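Worksheet: the structure to be examined is printed underneath.
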Amino acid sequence: MFCDSDEHNSWDKADQMVDRAFELYENGEISQALTQLREAIEINPNNSAWHFNEGLALDSMDKYDLAIKAYEKSLALSPDDPEILNSLAVDYTRTAQYDLAIATFEQIEKIAPDFEPCYCNRIITYTEMDDHDKAEHMFYLAQQVNPDCPICFYNIGNSLFSRRQYERAIWCWQRTAMLEPTHPQINYRIAQAWWANRDTARAREYFLMELRSNPGDVDVILDFGIFLFKISEFDAAGEKFHRILELDPDFGQAIFYLGELALRQGRRRAAAAYYRRAMRKDDELPGPRYRLAQMAFADGVPDTARRLLLDELKCNPDDLDVLLSIAVMFLQLHEYDFAMDTLLSVVDEDQQNATAFYYMGLTLALQADYEGALQFFEHAMTIDATNPNLMADAAVLCLKDGRIRQAADIIQTAHELAADDREITRLRRRIQLALVVHNFGHYLASLPIIVRLKRVATGMKCLATRRLRTRRRR
4 MFCDSDEHNS
14 WDKADQMVDR
24 AFELYENGEI
34 SQALTQLREA
44 IEINPNNSAW
54 HFNEGLALDS
64 MDKYDLAIKA
74 YEKSLALSPD
84 DPEILNSLAV
94 DYTRTAQYDL
104 AIATFEQIEK
114 IAPDFEPCYC
124 NRIITYTEMD
134 DHDKAEHMFY
144 LAQQVNPDCP
154 ICFYNIGNSL
164 FSRRQYERAI
174 WCWQRTAMLE
184 PTHPQINYRI
194 AQAWWANRDT
204 ARAREYFLME
214 LRSNPGDVDV
224 ILDFGIFLFK
234 ISEFDAAGEK
244 FHRILELDPD
254 FGQAIFYLGE
264 LALRQGRRRA
274 AAAYYRRAMR
284 KDDELPGPRY
294 RLAQMAFADG
304 VPDTARRLLL
314 DELKCNPDDL
324 DVLLSIAVMF
334 LQLHEYDFAM
344 DTLLSVVDED
354 QQNATAFYYM
364 GLTLALQADY
374 EGALQFFEHA
384 MTIDATNPNL
394 MADAAVLCLK
404 DGRIRQAADI
414 IQTAHELAAD
424 DREITRLRRR
434 IQLALVVHNF
444 GHYLASLPII
454 VRLKRVATGM
464 KCLATRRLRT
474 RRRR
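Residue numbering for the sequence shown is 4 to 477, as defined by the numbering used here.
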């Protein structure tokens, strides 16, 4: 059975569109390539490879939800293709659909157990799920198939870095660099790990290595600038931020860090101008509103500070120290609900943050909820049993709540940790005196003469009550 000439011409046209789409894709003209592909698919929707290529084009545009739909159409036409399944699983991971990603990777493993990417990419999925034991298991399975996969070493390095095992992460990333010297930003990642491991000399070395390879990478220049800022090399840091603005005049973060430099150097008005400029360039950038709120608070303009803090939270800042600082300012502004909400967002990210639990307790204490405050203080002390100031505040709360013996035990521990602290010493004496008075009161109450007097007093009270009732009846 032969197709008619019109249909044959249409299919030829579709093939030509796909060839043209490939050329456009190779030249980086992704949007035009996608248009050609979709027109070809309209003519022949039963070509699995074309749907797959549509998914690849959408991935390169970071349109992962649409890419998933394209891969699913491709998979319906070629159900056992490991390449399609792998791309689909990767995008499930990118969109945080981890259960679907794992199930899809496991499907590949059944169909093609020697298909190494299904183990390699699963390392990323398990890392994002914080299941690092399974991530390592996938790494070793991948090694059995391909012991020299640079991406495997890179992916497991990310897992190790997130667990703060910096030297192991560095070893893995150096292995990636050896196997694939052109791997994107690999020296940058090694620089970040050395920085996190507090080896500033080696961090600087790898930052410079990365910039020699990619001198126009603004992300690397920015991070190198922040690194220089953190180690107080302010002139060098400023040069990096200005370099970014030469490459991209609207790069808000570079402008923000120029503000940070000005603030550190005591040029407050210049800093404020940089912060406002950064906000104009990027209205979702975390940081500028927080700094301007601090300035407004210091200048005695609480309404402006409050508004700026609320606007800052809409930008979703992820620096836990900044969030703690925002919570403290809310406390000082007597905005207890906003303070507690901010502290809860810290605890969501770091359940072992003793400072956050301390401020949650303080928030309740300022509202006279001493029992609730003590629960948070006690939890903070289980996390950090070496903070004498935290213990001193907990002892004060116990004292206010009438738990004098507990206050005495806590302040004694605080005194042992900070015997030279005058405030803690004075508080210890005050609590010891309160304990003496408390114990003396209990001692008096237990004396036989006091017990007998209480009974007599109770009897007299009952007699007086009966006489009063009799008089009322008359």
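The C-beta atom is built at its ideal place from N, Cα and C for all residues, glycine as well. These numbers come from a predicted model, not from an experiment.
Quiz item: Is Thr98 helix, strand or coil when you go by DSSP?
Solution: Start at 1 with the first residue of the sequence shown, and residue 98 comes out as number 95. DSSP places Thr98 in coil when its eight states are reduced to three.
Quiz prompt | Continuous alpha helix (DSSP H) stretch holding Lys72: start and end | solution = Locating residue 72 in the sequence shown gives position 69, where the first residue counts as 1. Start and end: Tyr67 to Leu80.
Quiz item: How big is the Cα-Cα spacing for Leu312 and Ala265?
Solution: Working through the sequence shown from its first residue, we reach residue 312 at position 309. Working through the sequence shown from its first residue, we reach residue 265 at position 262. The alpha-carbon atoms of Leu312 and Ala265 are separated by roughly 21 Å.
Practice problem: Under the assumption that Trp198 contacts Phe230 (Cβ atoms under 8 Å), give the Cβ distance between them as a whole number of angstroms. | Solution: Taking the first residue of the sequence shown as position 1, residue 198 is located at position 195. Taking the first residue of the sequence shown as position 1, residue 230 is located at position 227. Indeed they touch by this definition, with Cβ atoms about 6 Å apart.
Exercise. Report yes if the CB atom of Ala60 is closer than 8 Å to the CB atom of Trp53, and no otherwise.
Key: The sequence position of residue 60 within the sequence shown is 57, counting from 1. The sequence position of residue 53 within the sequence shown is 50, counting from 1. The answer is no: Cβ separation not under 8 Å.
Quiz prompt | Val304 in three-state terms, based on DSSP | solution = Looking up residue 304 in the sequence shown gives position 301. Of the three classes helix, strand and coil, the one that applies to Val304 here is coil, per DSSP.
Quiz item: DSSP state of His186, grouped into three classes?
Solution: Locating residue 186 in the sequence shown gives position 183, where the first residue counts as 1. Residue state, collapsed to three classes: coil.
Quiz prompt | Secondary structure of His337, DSSP reduced to three states | solution = The residue labelled residue 337 in the question sits at position 334 within the sequence shown. If DSSP states are grouped into helix, strand and coil, His337 belongs with coil.
Exercise. Assess, as a yes-or-no matter, whether the stretch 397-413 is touched by the stretch 373-385 under the definition of 3 or more beta carbon pairs within less than 8 Å.
Key: Touching, per the Cβ criterion.
Quiz prompt | Same chain, Cβ closer than 8 Å to Pro334, five either side skipped, listed in chain order | solution = Along the sequence shown, one-based indexing puts residue 334 at 331. Sequence check: residue 334 is Leu here, not Pro. Excluding residues within five positions, the ones whose Cβ falls inside 8 Å are Ala342, Tyr362, Leu365, Thr366 and Leu369.
Quiz item: Cys123 by DSSP, collapsed to three states: which one?
Solution: Indexing the sequence shown from 1 puts residue 123 at position 120. DSSP, read as helix, strand or coil, puts Cys123 in helix.
Exercise. Using only alpha-carbon positions, find the residue among Met212, Gly269, Cys152 and Ser162 that is nearest to Glu183.
Key: Sequence index remark: in the sequence shown, residue 183 carries index 180 (1-based). Out of Met212, Gly269, Cys152 and Ser162, Cys152 has the C-alpha closest to the C-alpha of Glu183.
Practice problem: Determine the burial state of Asp15: buried for a count of at least 16 other Cβ atoms within 10 Å of its Cβ, exposed for fewer. | Solution: Stepping through the sequence shown from its first residue, residue 15 is reached at position 12. Exposed is the call here.
Quiz item: DSSP state of Glu42, grouped into three classes?
Solution: Against the sequence shown, residue 42 aligns to sequence position 39. Here Glu42 carries a helix assignment [DSSP, helix/strand/coil].
Self-check item: Inter-residue spacing [alpha-carbon to alpha-carbon] between Ser449 and Asp340
Solution: Residue mapping note: residue 449 aligns to position 446 of the sequence shown, counting from 1. Residue mapping note: residue 340 aligns to position 337 of the sequence shown, counting from 1. The pLDDT assigned to Ser449 is 47, lower than 50, so where the model puts this residue is not dependable; a value taken from the coordinates is nonetheless given after this. Taking the Cα positions, Ser449 is about 46 Å away from Asp340.
Quiz item: Which value, in whole angstroms, describes the spacing of the CA atoms of Asp253 and His418?
Solution: Within the sequence shown, numbered from 1, the residue matching residue 253 stands at position 250. Within the sequence shown, numbered from 1, the residue matching residue 418 stands at position 415. If you take the alpha carbons of Asp253 and His418, they lie about 54 Å apart.
Self-check item: 6 Å Cβ shell around Asp404 - same chain, five flanking residues per side excluded
Solution: Here residue 404 refers to the residue found at position 401 when the sequence shown is read from its first residue. Residues Tyr373 of the same chain have their beta carbon placed closer than 6 Å to that of Asp404, with the five preceding and five following residues left out of the count.
Exercise. Quick one: using the 10 Å Cβ neighbour count with 16 as the cut-off for buried, is Gln39 buried or exposed?
Key: Within the sequence shown, numbered from 1, the residue matching residue 39 stands at position 36. It counts as buried.
Quiz item: To the nearest angstrom, how far is it from the Cα of Phe108 to the Cα of Gln188?
Solution: What you label residue 108 is simply residue 105 of the sequence shown in a count that begins at 1. What you label residue 188 is simply residue 185 of the sequence shown in a count that begins at 1. Looking at the backbone, the Cα of Phe108 and that of Gln188 are separated by about 27 Å.
Practice problem: Can you grab the Cα-Cα spacing for the pair Ala460 / Leu436, in whole Å? | Solution: What you label residue 460 is simply residue 457 of the sequence shown in a count that begins at 1. What you label residue 436 is simply residue 433 of the sequence shown in a count that begins at 1. Because Ala460 carries a pLDDT of 49, less than 50, the predicted location of this residue cannot be relied on, and no value is offered for it.
Exercise. Determine the direct distance from the alpha carbon of Met212 to that of Arg246, and round the result to whole angstroms.
Key: Along the sequence shown, one-based indexing puts residue 246 at 243. Along the sequence shown, one-based indexing puts residue 212 at 209. Each residue's alpha carbon lies about 17 Å from the other.
Quiz item: Can you give the Cα-Cα distance for Arg272 and Asp302, rounded to whole angstroms?
Solution: Residue mapping note: residue 272 aligns to position 269 of the sequence shown, counting from 1. Residue mapping note: residue 302 aligns to position 299 of the sequence shown, counting from 1. When the Cα atoms are used, Arg272 and Asp302 turn out to be separated by approximately 13 Å.
Quiz item: Where does Cys121 land, buried or exposed, given buried means 16+ other C-beta within 10 angstroms?
Solution: By one-based count along the sequence shown, residue 121 stands at place 118. Buried: at least 16 other Cβ atoms inside 10 Å.
Quiz item: Is Cys123 closer than 8 Å to Ile154 when the C-beta atoms are compared?
Solution: Along the sequence shown, read from residue 1 onward, the residue named residue 154 stands at position 151. Along the sequence shown, read from residue 1 onward, the residue named residue 123 stands at position 120. Between Ile154 and Cys123, the gap from beta carbon to beta carbon is short of 8 Å.
Self-check item: Which of helix, strand or coil DSSP assigns to Ala467
Solution: Sequence index remark: in the sequence shown, residue 467 carries index 464 (1-based). A caution first: Ala467 carries a pLDDT of 47, below 50, which makes its placement in the model too unreliable to give a value.
Quiz item: Buried or exposed: which applies to Asn390, given that a residue is buried once 16 or more other Cβ atoms fall within 10 Å of its Cβ?
Solution: Stepping through the sequence shown from its first residue, residue 390 is reached at position 387. Per the 10 Å Cβ criterion, buried.
Quiz item: Around the Cβ of Asn56, are there at least 16 other Cβ atoms within 10 angstroms (buried) or fewer (exposed)?
Solution: For the purposes of this step, residue 56 is identified with residue 53 of the sequence shown, where counting begins at 1. Buried, by the Cβ-count rule.
Exercise. Select from Leu69, Asp117, Ile127 and Leu78 the residue whose C-alpha is nearest the C-alpha of Val93.
Key: Locating residue 93 in the sequence shown gives position 90, counting from the first residue. Of Leu69, Asp117, Ile127 and Leu78, the smallest CA-CA separation from Val93 is found for Ile127.
Practice problem: To the nearest angstrom, report how far apart Ile386 and Ile33 are at their CA atoms. | Solution: Residue numbering aside, residue 386 sits at position 383 when the sequence shown is read from its first letter. Residue numbering aside, residue 33 sits at position 30 when the sequence shown is read from its first letter. Each residue's alpha carbon lies about 51 Å from the other.
Exercise. List the whole-angstrom C-beta distance separating Leu78 from Leu91, where the pair is believed to meet the contact cut-off of C-beta under 8 Å.
Key: For this step, residue 78 is matched to residue 75 along the sequence shown. For this step, residue 91 is matched to residue 88 along the sequence shown. That pair is a contact at about 6 Å.
Quiz item: Which term fits Ser162, buried or exposed, when burial requires 16 or more other beta carbons within 10 angstroms of its beta carbon?
Solution: What you label residue 162 is simply residue 159 of the sequence shown in a count that begins at 1. By the 10 Å Cβ count, Ser162 comes out buried.
Quiz prompt | Segment limits, alpha helix (DSSP H) that includes Thr203 | solution = Position 200 of the sequence shown holds residue 203. DSSP places Thr203 in the uninterrupted alpha helix (DSSP H) bounded by Thr203 to Ser216.
Quiz item: Rounded to whole angstroms, how far is the Cβ of Phe259 from the Cβ of Ala281, which I believe are closer than 8 Å?
Solution: Your numbering for residue 259 matches position 256 in the sequence shown. Your numbering for residue 281 matches position 278 in the sequence shown. Going by Cβ atoms, the distance from Phe259 to Ala281 rounds to 4 Å, so yes, they are a contact pair.
Quiz item: Glu315 and Tyr293: beta carbons closer than 8 Å?
Solution: Here residue 315 refers to the residue found at position 312 when the sequence shown is read from its first residue. Here residue 293 refers to the residue found at position 290 when the sequence shown is read from its first residue. Result yes, Cβ atoms of Glu315 and Tyr293 sit closer than 8 Å.
Practice problem: Return yes when the Cβ of Tyr101 is within less than 8 Å of the Cβ of Glu139, no when it is not. | Solution: In the sequence shown, the residue the question calls residue 139 occupies position 136. In the sequence shown, the residue the question calls residue 101 occupies position 98. Taking 8 Å as the Cβ cut-off, Glu139 and Tyr101 do not qualify as a contacting pair.
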